[in-house]
Each structure stands twice: as C-alpha cells, then as structure tokens.
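Our numbering numbers the first residue of the sequence shown as 1 and each following residue consecutively. Each residue gets a CB set at the ideal place from its N, CA and C atoms; glycine is no exception. All values reported here derive from a predicted model rather than from experimental measurement. In what follows, a structure is listed as structure tokens, so that the remarks can point back to it.
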Amino acid sequence: MGNKSKLLVAAAPLALAGLGLMPITASAAPQPCEYVAGSAGADNSPGNDDDTPPTIVCGESSFGGTGSTVVGRGEVSNGSIGIGQFVIVEPDTNFSDTNISNGAVFPDASVGIGYRTRVDGDRNVAVGANSRIGGVFGQFNSVSRATAIGSTTLVLGEGGVAVGASSQAIADGSTVVGTQSAAAGEGATVLGYQSGTASIGGVAIGRNSRVNETQFGTISTVEVPDLVGGVAVGDRSRVSGNNGLALGAYSVVGIRNAFEPVANGTAVGAASNVAAEGGTALGARTSVTGANGIAIGNGVGVANSGAIAIGASSAASADNATALGTGAVASGSNAVALGAGSVADRANSVSVGAAGAERQITNVAAGTAATDAVNVGQLNAAVAGANGSSAAAQTTANAALVDAAAAQATADGALADAAAAQGTADTAIVRGGTLGQSAAAALGGGATYNGATGMMTAPSYGVQGASYADVGSAIGALDSGLTQLSGRVDLLELANDRSFDRVNGGIAAAMALGGTMVVPDSDVSVSFNLATYRGEQGFSGAVVVRAAPRVYVNGGFAGSTVKGSTGGRVGVAFGF
Numbered sequence: 001m002g003n004k005s006k007l008l009v010a011a012a013p014l015a016l017a018g019l020g021l022m023p024i025t026a027s028a029a030p031q032p033c034e035y036v037a038g039s040a041g042a043d044n045s046p047g048n049d050d051d052t053p054p055t056i057v058c059g060e061s062s063f064g065g066t067g068s069t070v071v072g073r074g075e076v077s078n079g080s081i082g083i084g085q086f087v088i089v090e091p092d093t094n095f096s097d098t099n100i101s102n103g104a105v106f107p108d109a110s111v112g113i114g115y116r117t118r119v120d121g122d123r124n125v126a127v128g129a130n131s132r133i134g135g136v137f138g139q140f141n142s143v144s145r146a147t148a149i150g151s152t153t154l155v156l157g158e159g160g161v162a163v164g165a166s167s168q169a170i171a172d173g174s175t176v177v178g179t180q181s182a183a184a185g186e187g188a189t190v191l192g193y194q195s196g197t198a199s200i201g202g203v204a205i206g207r208n209s210r211v212n213e214t215q216f217g218t219i220s221t222v223e224v225p226d227l228v229g230g231v232a233v234g235d236r237s238r239v240s241g242n243n244g245l246a247l248g249a250y251s252v253v254g255i256r257n258a259f260e261p262v263a264n265g266t267a268v269g270a271a272s273n274v275a276a277e278g279g280t281a282l283g284a285r286t287s288v289t290g291a292n293g294i295a296i297g298n299g300v301g302v303a304n305s306g307a308i309a310i311g312a313s314s315a316a317s318a319d320n321a322t323a324l325g326t327g328a329v330a331s332g333s334n335a336v337a338l339g340a341g342s343v344a345d346r347a348n349s350v351s352v353g354a355a356g357a358e359r360q361i362t363n364v365a366a367g368t369a370a371t372d373a374v375n376v377g378q379l380n381a382a383v384a385g386a387n388g389s390s391a392a393a394q395t396t397a398n399a400a401l402v403d404a405a406a407a408q409a410t411a412d413g414a415l416a417d418a419a420a421a422q423g424t425a426d427t428a429i430v431r432g433g434t435l436g437q438s439a440a441a442a443l444g445g446g447a448t449y450n451g452a453t454g455m456m457t458a459p460s461y462g463v464q465g466a467s468y469a470d471v472g473s474a475i476g477a478l479d480s481g482l483t484q485l486s487g488r489v490d491l492l493e494l495a496n497d498r499s500f501d502r503v504n505g506g507i508a509a510a511m512a513l514g515g516t517m518v519v520p521d522s523d524v525s526v527s528f529n530l531a532t533y534r535g536e537q538g539f540s541g542a543v544v545v546r547a548a549p550r551v552y553v554n555g556g557f558a559g560s561t562v563k564g565s566t567g568g569r570v571g572v573a574f575g576f
C-alpha cells in the first residue's frame, strides 16, 4: 500500500465522520465484501421512513454511507453506489474535494461507476473512467440530477446530460450526445461527433456542427458574446448569431472561417451561406451577402440589400431589386423582373419579358382610379369617345376650310376685278380723261377721277379690319389671313393626335391595373402588371391585404408611357 493509500485510510474516518458517513475498516485478514445489516427505526417497526438501510462494502480502504454500496477502492455517501477504483461520490455540501486524496463517492442517491469517477451532488449518475459530475478546478461544485456516461465526460450544469467520450455539458439543462462534443449554453442540445454550442437554447446536430462557439474540448479564455437560439443541422453546419438556422451539410449562417455573428439568418441547403443580417438562402450553394436579401434556387446569389432572387440562375444585382423566375435578371434599383428570362435593367421598372421575348398580360379588371390600369374594353370605349370628339373637330375644321375656300374665291374675284380695272385704267389713260371716271368706277373702294386735273384718288379696300389703298396690299393681307387659318387647322389636327396618345396611354394603364390578383390562402397578395395598346405601354402594382375574415383592403397604382398619366386607387371589400 503506497503512502497516498495509507494517508487515505488514516484520514478517511475523520473526514467521513463530519459528513455523517460510516467508514468500514479492513480486518487483519481482508474480506472480499462486508455487509452491515439495516435496522428498524425508533418505532421498531420495519418498513417506515426512519429505518436504517443495509450497507455493502467490497474493496480495500472503501467507505460507505448508510444504505450505500461500494465495489472497489472508493468512498460513497448515504444511499449511493460506487463501483471502480478511486470512485468519489460526494453529497451536496461545501466539503472541498482536496480533502480526499484517492477518491470517494459521497452524494445522496447518486451512482458512480468507473476508474476515478467523481460525482458531487444528489441524484446523479456517472459511468465511465474519469467521468465527472461537478467538482471541477479543485472546487466543490455540487450538481443535481445530472448524467455523465463515457470516458472523461464532464457535467457542470444542473440536470445536464453528457453521453460520449470527452463530451461536456457545461450549462444548466444542457444535453450532449457525441464524442468530444460540448454544450455551454443553458438548455442547449448537441448531437454529433465534435459538435457544440455556446448559445442559450442552441441546437447543433451533425458531425462538427457548431452554434455560436469558437472551440470546444479545452477550457478557453476567448470571449464569446451572449447569444440566444440558433439551430445547426448537418455535417459541418454552423451558426454564428442570434436565432440563426443552418440546415444542410456545410451550411453556414455567418462569415465562413471566422466567428462574426449574423443575426436572424436562414441557410437551408448543402453549402448554403447567409453572411448578412436577416438574409435567407434556400438551395444548394445559395448565398446571401446583402442585408435582408433572399436567394432561392440552386446556386443563386444575392449581394445587395433587400434584393430577392427566386429561380435557378436568377439574379437581383441592385438594392431592393426582385427577380422571379428561372434566369430572370433585375439589375435596376427597385426594379422587378417577372417570369423566366425576364430582364428589368431600369430603375423602378417592372418587366414581364425581354427584348424579343415579350409577353401579354391577361385577365385585367377595369380600372377605377386615375392611376389604375385599363383593359381593352375600357380602351375601346375611350377610343370611341375620342373618335366622336375627333369627328366633331374634323367637322369644324372642314367648315373652316370651306370658309377659307370661299374667302379664296372672293380674293380671286377681287384679283380678277383688279386686273380688269387695271386694264380699263390703262385704256382710260390712253384714251384720256374721258375714260377716267370709268377707271375709278372699275377700281372701286371709293376711288375718284378729277377730269380737270387728270388725277385719281386712291381706293380703300378693307381686309380683316384693316384698310389698304392698293389692290396688291389687299390681296397680300387676304393671303396672310388664309395662311393663319391653315395653321389653326394644323394645330387642331395635332391636338387630335395628342388626344389619341393620351387615350391610348390611359387604356394601357387601365389594362395593367385590371390584373390585380388575390393569391388563395394568403393574407397579403402583391400583383405587378404590364399592358400595351396601340404603341403605348401601361404598368401597375397592387396590394390586397386580408385585414380580417371576409374583409379585404386593397390599393394600387398605375401609369403609362404618356406623361402625366400616373394615378392610384384604394378600396375595401366585405363578404357576408
């Protein structure tokens, strides 16, 4: 027997006496086992609570409390079981473990099985060489209702469970199943080889899966932030940050190869990664590096804030851009690309196709507000009204043309008369004064001839409120009036053309807004619609919200390529 063993045999009775334990000393001729019978209590009636249970001790320098069982060299407390060399089971007291040199089993109703197994506390079970519950770092740390199964397992938390060689349940209520795995967060659960979590309520399932931890298996001084929640399921899956979810082999919520927390991320799919707060990545090799971004589809990546890409090979490469459909691309800020292969490359635009791959928008309801989309029915009605207005305008223009023709005929007649008068005047000059009066009469306009002087006073012709003293000026003024009238007719025709453009744009907008749809079994439905009519394009967006059972609130906006045609609407519907 070595010096340490001799010291244990000498000191143990004194140490155990203070704990209410009963040492069993060896006789000169060691016995394989020693049995101490129990006895009835003060009432001398067996079977009551005050009875003293029997004690069984097998092994050199072993000590057993009342009602305990010791097999091998060790020490146990009342009602406990110790099996193996140097087993220690201590009760829930402030007794220091440094007072016992070669091991003991102390706590009430606990079990310790295995070489150098130690249990500090009540109602614990430790099975495996060097397994330990409580009592770490030379301090007496009492733990209750804990379980440690496996070589070198360690449980330091109340109600903790550690199963597997070198597994550790550090926090209260934590559960670890797996070799070299650990749980340091309260209520955490770890299942898998070399897995672990330091997050409160964290869950790590799968080989090398990690939730909010830096390194397990050793005691580290690396500071880990207080983090909550987090679930990692899959081979080498990892979550760094509050309430993250990583599901799939090599899936990661956080920065790969670095402990940098990312809150509220969701990564589902093999090798998926969310490296920005609030991001969601669904699908193998998907990635999100923009805050609140969403990537759904095999290999899809989103790098911009608020961007959404759904569909294989889809891309949303601008802030708040949305691409829905296989190969859809939204590269404009706040742009929306709807449908496979659609391209939205302008800011604040909505596209349902691409150049050479345009689509129609069907089932559009009639618009009611200024910014609602119009359908073909509304467009045709608007065109019919516009045609009536245009016909009236054309009638007015035709009447103006008739008046202009009459004026032109009058001018032509005046010109002919002037020419005749000029001829007469010439003849009169040749003939002399006898013809002067005839020339004056032919000129008209108040012209007179003085036979005595041979002089003729100039005529005065009135054209459009002005007076002219010669035929040429009068004809020029008349021609200018005709030119102005022709210009007015041209302006009237241009106004008619613009009216048609506005009508076409309004119909296109009405067609777009009429496509508002309600997605079955949803509380919020969002619709984006486009339309085209006679060279003008309309667009619209609408939201339908289920405010309460059978109560829907909706709103929308619409516009077209015609300037000033944008408008909006709101509405509410009740069902009975």
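- prompt: Looking at C-alpha atoms only, which residue of Gly-241, Gly-248, Ala-330, Gly-575 is the closest neighbour of Val-211?
  reply: Comparing alpha carbon positions, the residue from Gly-241, Gly-248, Ala-330, Gly-575 closest to Val-211 is Gly-241.
task: Would you list the residues sitting across from Thr-457 in a DSSP beta bridge?
output: DSSP lists Thr-448 as partners of Thr-457.
query: Are the region 181-192 and the region 165-173 touching, with three or more C-beta to C-beta distances below 8 Å?
result: yes
- request: Mind checking which residues open and close the beta strand (DSSP E) that includes Val-526?
  value: From DSSP, the beta strand (DSSP E) with Val-526 extends over 524-533.
- request: Can you have a look at Phe-627 and say buried or exposed, based on whether 16 or more other CB atoms are within 10 angstroms of its CB?
  value: Outside the displayed range of the chain (1 to 576) lies residue 627, so it cannot be described from this structure.
Option in Ala-547, Gly-506, Arg-534, Asp-521 with minimal Cα separation from Gly-568: Gly-506
- prompt: Can the beta-carbon of Thr-152 be found closer than 8 Å to that of Asn-130?
  reply: yes
message: Beta-carbon within less than 6 Å of Gly-265's beta-carbon, same chain only, minus the 5 sequence neighbours each way: which residues are those?
response: Excluding sequence neighbours, Gly-265 sits near Gly-244, Val-253, Val-274, Gly-279.
- request: Assign Phe-574 to one of two classes, buried (16 or more other C-beta atoms within 10 Å of its C-beta) or exposed (fewer than that).
  value: Phe-574 comes out exposed.
- prompt: Are the beta-carbon atoms belonging to Val-300 and Gly-283 less than 8 Å from one another?
  reply: Contact annotation: Val-300 and Gly-283 have beta-carbon atoms nearer than 8 Å.
- request: Pull up the distance between the alpha-carbon of Ile-100 and that of Arg-118, whole angstroms please.
  value: Summary for Ile-100: the model assigns pLDDT 31, below 50, so the residue's position carries little reliability; its value from the coordinates is reported in the next sentence. If I take the Cα positions, the gap works out to 12 Å.
task: From the DSSP output, read off the bridge partner residues of Asp-345.
output: Answer by DSSP bridge pairing: none, since Asp-345 is not bridged.
message: Which of the three DSSP states is assigned to Gln-31 in this structure?
response: In this predicted model, Gln-31 has a pLDDT of only 47, less than 50, meaning its place in the structure is not dependable enough to derive any value.
query: By how many angstroms is the C-alpha of Gly-206 removed from the C-alpha of Leu-530?
result: Here the alpha carbon of Leu-530 sits roughly 48 Å from the alpha carbon of Gly-206.
- prompt: Since Ala-323 contacts Ser-314 with CB under 8 Å, what's their CB separation in whole angstroms?
  reply: 4 Å
- prompt: Under the rule that 16 or more other beta-carbon atoms within 10 Å means buried, what is Asn-348, buried or exposed?
  reply: Asn-348 sits exposed, since fewer than 16 C-beta atoms from the chains shown fall within 10 Å of its C-beta.
message: Rounded to the nearest angstrom, what separates Val-143 and Gly-112 at their Cα positions?
response: 14 Å
- prompt: How about Gly-339 and Ala-328: are their beta carbons less than 8 Å apart?
  reply: yes
- prompt: Which one of Ala-270, Thr-410, Ile-255 has the shortest CA to CA distance from Ala-263?
  reply: Nearest of Ala-270, Thr-410, Ile-255 to Ala-263, Cα basis: Ile-255.
- prompt: So, using beta-carbon positions, are Val-376 and Met-511 closer together than 8 Å?
  reply: yes
Minimum C-alpha distance to Asn-387 - residue among Gly-535, Ser-499, Gly-234: The candidate whose alpha carbon is nearest that of Asn-387 is Ser-499.
task: Out of Tyr-533, Gly-173, Gly-135, Asn-208, point me to the one whose CA is closest to Ser-560's CA.
output: Tyr-533
field: Limits of the unbroken beta strand (DSSP E) element including Phe-574
entry: 567-574
message: Taking the alpha-carbon of Ser-174 as reference, which of Leu-485, Gly-157, Gly-293 has the nearest alpha-carbon?
response: Gly-157
message: What residue range does the beta strand (DSSP E) around Gly-254 cover?
response: Gly-254 -> no beta strand (DSSP E), and no H or E assigned at all.
field: Close beta carbons around Ile-200, own chain, < 6 Å, minus the five adjacent residues each side
entry: Gly-185, Glu-186, Val-228
- prompt: Whose C-beta lies closer than 7 Å to the C-beta of Asn-363 among residues of the same chain, with five residues either side of it excluded?
  reply: Gly-515
- prompt: Which residues bound the beta strand (DSSP E) around Ala-146?
  reply: Here Ala-146 belongs to no beta strand (DSSP E), and DSSP marks it neither H nor E.
message: Just to confirm my understanding: we take Asn-380, look at its own chain, exclude 5 residues before and 5 after, and list those with CB closer than 7 Å. What are they?
response: none
Which listed residue (Asp-501, Ala-148, Ala-542) has its alpha carbon closest to that of Thr-371: Ala-542
field: For Ile-507, three-class secondary structure by DSSP
entry: DSSP places Ile-507 in helix when its eight states are reduced to three.
Whole-angstrom distance between Glu-213 and Ser-220, CA atom to CA atom: Caution is warranted here: a pLDDT of 41 is assigned to Ser-220, below 50, making its placement in the model unreliable, and no coordinate value can be reported.
message: So, under 8 Å CB-CB, Ile-149 and Gly-128 are touching, yes? Tell me the CB distance rounded to an integer number of Å.
response: 6 Å
query: Could you give the C-beta distance for Gly-311 and Gly-325, rounded to a whole number, given that I count them as a contact under 8 Å?
result: 5 Å
query: Mapping DSSP to helix, strand and coil, what is Asp-479?
result: helix
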